[in-house]
Ligand code: BGC
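In this note's numbering, the protein residues as written are 1 to 750.
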């Protein structure tokens, strides 16, 4: 035995001494080329095939027939990736089959929707964006990557970088809101966070920029609906966040379910080949959305599965998520000459390259360390990061009479609303692998951060029954019997905290709403409680802008708390008690009424902007053009004043400076926002466009000069040929604490 051991050591040392130095090692591209040469056509197509989990942890023999086929396909090298397989144990077992039982032993890449956390949840992405704190957003994505990577995941289908201007669209919650500039910066931060400095590290996972493209422009806000957008909007509004993600190094793209201008994005040569892989030179790979290749038949674009495969492969969809059409048809399509084999080589090369970059060829089990999984998931760092992000995401919408911050003792407080006592809903949608009912509720937060006396009343039930990712929430519209008890509790209390809004599963995929009011009987509850006690603090939980006209007119104190994740109640309590001074700003416009939608701050002026006395200008006769809360809006417990706006030409554009003064009583943070208007251009420009911002903290009474530099590129726009151009002329430069309230300077640019 000992001799065998000694021989083994000797062999190992010979091998180590023979190991090539770094300079001798071939580059990843060479390795991929060498591997490709060994691969059969079927094996290359196999890399392009992705299935959702079928593997059963109880044993390697799955129960139903299709699972058995898929399992055999992993063995025969016909599967390149899996999604929804979770945990180091399951992932290791499946990886073992690919690596040890398939001919070439090519590792699988394991993907999952890690959207705002894996097990410890941070706020939904829309809420995180409200922080305008790019470092915090990066940290949050980094933590999500650490947890997911510790659970065996190599790749997240995030960030969603779709711009959306339609509050009805359920997936507004998953993105960075309505603005392209902010969307670009957040996309970069999230990509950096997920991928880290080194993709090869065991705490990094590959990110995905999705959904390419136009998915957020679904007509009438209905999910999966047709998107019909002009070139100017495509180039200036929709595409830049994707480009920003790519420039930040994102390794994969996901295409989208929608058709864009008549072509399903999954089969769109213009988007994927011409722009993404051509003009932009993207060298990662594109995964289809779930079944989006087969859905091209329903779109009326492909007559059958074979044609759908052909169109998708030609358009540059490298990996087929869950429609299995590539494994069924691509070989035949190549052999019949309908699809050029070079396209298959290109797709397989891209996929293999990312696997190499992740280090999966060096160690296919590098993400499968059960002890790391145990020590990282849900640890103190994750929980602290979640709280920090939640605090920064809260937006103070109204605080008249200075009701907030609230005293921590001596108050008799009624807490009303089902959401106040809910530990599930605040986790939001796209909630990774979190355990249900693990959020800190508002009630728990209030109780643990203060000694006030709390009386909880549900009031009306907002929802009943199943809370599920795949089914609608059953909103109660029949039973308002709890209102009386809530009113009675409110009557005798010093303050009423009402937590109203949407269940976490009322926004997200497939959750478009035609109505964006407070659902169920909540409006009635609010009005009835208000009739007996006006001292109401309204805390909102929602995944999209809500139409809150009545509340804004009648309620003095309103806090936007979104779906804040695992530490929700702690964060809300800390803000209400003033332990944390809110600093969030809305990343989306809040309309007064759903009928104003799409409503966004960077609209075009039109030829008849008005207002004029006659009716002939662009407006409604029965509703204002103005939003309820504009983009970029949010208050603090302190107040800020802007003065001395100064705009001067610099070597590469403009130097914009302003004096920011904290004129209130508290230390606080402000997001200084800089907008431009290019007054006359060969393609008309919006009345305002965000082009820079800075978040900074000031003590009470302190003033500071804030400088924002705008480059020529910031003052440029994309023409209808997709070229970024700068046109000299008059520019308005605007600076303020939200998009509607700004100081303005005009400058002539040469
Ligand atoms: C969604 C994608 C998601 C995929 C995998 C689809 O329904 O549109 O965003 O990544 O499912 O779960």
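Even glycine gets a Cβ: it sits at the ideal position worked out from N, Cα and C.
*Comparing the CB of residue 211 with every heavy atom of ligand 1, is any distance shorter than 7 Å?*
Walking along the chain shown from the start, residue 211 turns up at place 211. Yes; taking the cut-off as 7 Å, the Cβ of residue 211 has a heavy atom of ligand 1 nearer than that.
*Counted within 10 angstroms of its Cβ, other Cβ atoms place residue 744 as buried (16 or more) or exposed*: Sequence index remark: in the chain shown, residue 744 carries index 744 (1-based). Classification for residue 744: exposed.
*Helix, strand or coil for residue 88, going by three-state DSSP, please let me know.*
Locating residue 88 in the chain shown gives position 88, where the first residue counts as 1. Reduced to three states, the DSSP call for residue 88 is helix.
*asked:* Whole angstroms are fine: how far does the CA of residue 400 sit from the CA of residue 687?
replied: Position 687 of the chain shown holds residue 687. Position 400 of the chain shown holds residue 400. Approximately 30 Å, taken between the alpha carbons.
*Tell whether a beta-carbon distance below 8 Å holds between residue 637 and residue 668.*
Along the chain shown, read from residue 1 onward, the residue named residue 637 stands at position 637. Along the chain shown, read from residue 1 onward, the residue named residue 668 stands at position 668. Yes, they are a contact pair.
*asked:* For residue 128 and residue 586, what's the separation of their Cα atoms in angstroms?
replied: By one-based count along the chain shown, residue 128 stands at place 128. By one-based count along the chain shown, residue 586 stands at place 586. Each residue's Cα considered, the two are about 10 Å apart.
*Run through DSSP, which three-state label would residue 202 get?*
For this step, residue 202 is matched to residue 202 along the chain shown. The answer is coil: DSSP assigns residue 202 none of H, G, I, E or B.
*Assign residue 724 to buried or exposed, taking buried as 16 or more other Cβ atoms, counted over all protein chains shown, within 10 Å of its Cβ.*
Counted from its first residue, the chain shown places residue 724 at position 724. Answer is exposed; the Cβ neighbour count stays below 16.
_For residue 216 and residue 321, what's the separation of their Cα atoms in angstroms?_
Residue numbering aside, residue 216 sits at position 216 when the chain shown is read from its first letter. Residue numbering aside, residue 321 sits at position 321 when the chain shown is read from its first letter. If you take the alpha carbons of residue 216 and residue 321, they lie about 20 Å apart.
*For residue 210, which beta-bridge partners are listed by DSSP?*
Stepping through the chain shown from its first residue, residue 210 is reached at position 210. Looking at the DSSP assignment, residue 210 forms a beta bridge with 160, 254.
*residue 506 and residue 416 closer than 8 Å at C-beta*: Working through the chain shown from its first residue, we reach residue 506 at position 506. Working through the chain shown from its first residue, we reach residue 416 at position 416. The answer is no: Cβ separation not under 8 Å.
_Helix, strand or coil at residue 677 [DSSP, three-state]_ = Counting from 1 along the chain shown, the entry for residue 677 is found at position 677. Strand.
*Which residues in the same chain have their Cβ closer than 8 Å to the Cβ of residue 28, if we skip the five residues on either side of it in sequence?*
Residue 28 sits at position 28 when you count from the first residue of the chain shown. So the qualifying residues of the chain are 353, 356, 357.
*asked:* Which residue wins for smallest C-alpha separation from residue 394, given the options 734, 102, 123?
replied: Residue mapping note: residue 394 aligns to position 394 of the chain shown, counting from 1. When only C-alpha atoms are compared, the closest one is 123.
*Give me the Cα-Cα distance between residue 576 and residue 410, rounded to the nearest whole angstrom.*
Taking the first residue of the chain shown as 1, we reach residue 576 at position 576. Taking the first residue of the chain shown as 1, we reach residue 410 at position 410. Between residue 576 and residue 410, the C-alpha separation is close to 15 Å.
_If you follow the beta strand (DSSP E) that residue 741 is in, where does it begin and where does it stop?_
As a working mapping, residue 741 is identified with position 741 in the chain shown. Per DSSP, residue 741 belongs to the beta strand (DSSP E) from 741-749.
*Using a C-beta cutoff of 8 Å, does residue 620 count as contacting chain D?*
Absence of chain D from the displayed structure is noted, only one protein chain being present.
_Taking the alpha carbon of residue 374 as the reference point, which residue from 696, 45, 35, 87 has its own alpha carbon closest?_
Locating residue 374 in the chain shown gives position 374, where the first residue counts as 1. For residue 374, the nearest C-alpha among the options comes from 87.
_Does the region 607-620 come into contact with the region 428-443, if we say contact requires no fewer than three beta-carbon pairs (one atom in each stretch) closer than 8 Å?_
no
*Distance, Cα to Cα, residue 89 vs residue 365?*
Counted from its first residue, the chain shown places residue 89 at position 89. Counted from its first residue, the chain shown places residue 365 at position 365. So the two alpha carbons sit approximately 10 Å from each other.
_Closest Cα partner of residue 492 within the set 601, 146, 535_ = As a position in the chain shown, residue 492 is number 492, starting the count at 1. Cα-wise, what sits closest to residue 492 is 535.
_Per DSSP, the bridge partner or partners of residue 414_ = One-based indexing of the chain shown puts residue 414 at position 414. In the DSSP output, where bridge partners are listed per residue, residue 414 has 455, 496.
*asked:* Do residue 309 and residue 333 have their beta-carbon atoms positioned less than 8 Å apart in this structure?
replied: Counting from one through the chain shown, the residue named residue 333 turns up at place 333. Counting from one through the chain shown, the residue named residue 309 turns up at place 309. Going by C-beta atoms, residue 333 is nearer than 8 Å to residue 309.
*Under the criterion of a Cβ to heavy atom distance below 7 Å, does residue 717 qualify as lining ligand 1?*
Position 717 of the chain shown, counted from the first residue, corresponds to residue 717. Checking every heavy atom of ligand 1 against the Cβ of residue 717, none is found closer than 7 Å.
*Count the C-beta pairs between the region 509-517 and the region 213-230 that are closer than 8 Å, then say yes if the count reaches three, no if not.*
yes
_Bridge partners - residue 320, DSSP secondary structure assignment_ = If you number the chain shown from 1, residue 320 lands on position 320. DSSP output for residue 320 lists 49 as bridge partner(s).
*If you count every other CB in all the chains shown that lies within 10 Å of the CB of residue 463, and 16 or more means buried, which is it?*
Walking along the chain shown from the start, residue 463 turns up at place 463. By the neighbour-count rule (16 or more Cβ atoms within 10 Å), residue 463 is buried.
*Inter-residue Cα distance where the pair is residue 673 and residue 693*: Within the chain shown, numbered from 1, the residue matching residue 673 stands at position 673. Within the chain shown, numbered from 1, the residue matching residue 693 stands at position 693. Here the C-alpha atom of residue 673 lies approximately 4 Å from the C-alpha atom of residue 693.
*Could you tell me if residue 707 is buried or exposed, where buried requires 16 or more neighbouring beta carbons within 10 angstroms of its beta carbon?*
Translated into the one-based positions of the chain shown, residue 707 becomes position 707. Exposed, because fewer than 16 other Cβ atoms sit within 10 Å of the Cβ of residue 707.
*For ligand 1, is there a heavy atom less than 7 Å away from the beta-carbon of residue 83?*
As a first step, residue 83 must be located in the chain shown, where it is residue number 83. Indeed, a heavy atom of ligand 1 lies less than 7 Å from the Cβ.
*What are the boundary residues of the alpha helix (DSSP H) that includes residue 246?*
To locate residue 246, count along the chain shown from 1; it is residue 246. Element bounds for residue 246: 240-247.
*Given a threshold of 16 other Cβ atoms within 10 Å of its Cβ, counted over all protein chains shown, does residue 171 qualify as buried or as exposed?*
Position 171 of the chain shown, counting from 1, holds the residue named residue 171. That one is buried.
*asked:* Can you find the residues in the same chain that come closer than 6 Å, C-beta to C-beta, to residue 73, ignoring five residues on each side of it along the sequence?
replied: Locating residue 73 in the chain shown gives position 73, where the first residue counts as 1. Contacts found: 79.
_Contact the region 446-453 vs the region 186-193: 3+ CB pairs below 8 Å_ = no
*Going by CA-CA distance only, name the one from 676, 747, 704, 157 that's closest to residue 739.*
In the chain shown, the residue the question calls residue 739 occupies position 739. The residue with the shortest Cα to Cα distance from residue 739 is 676.
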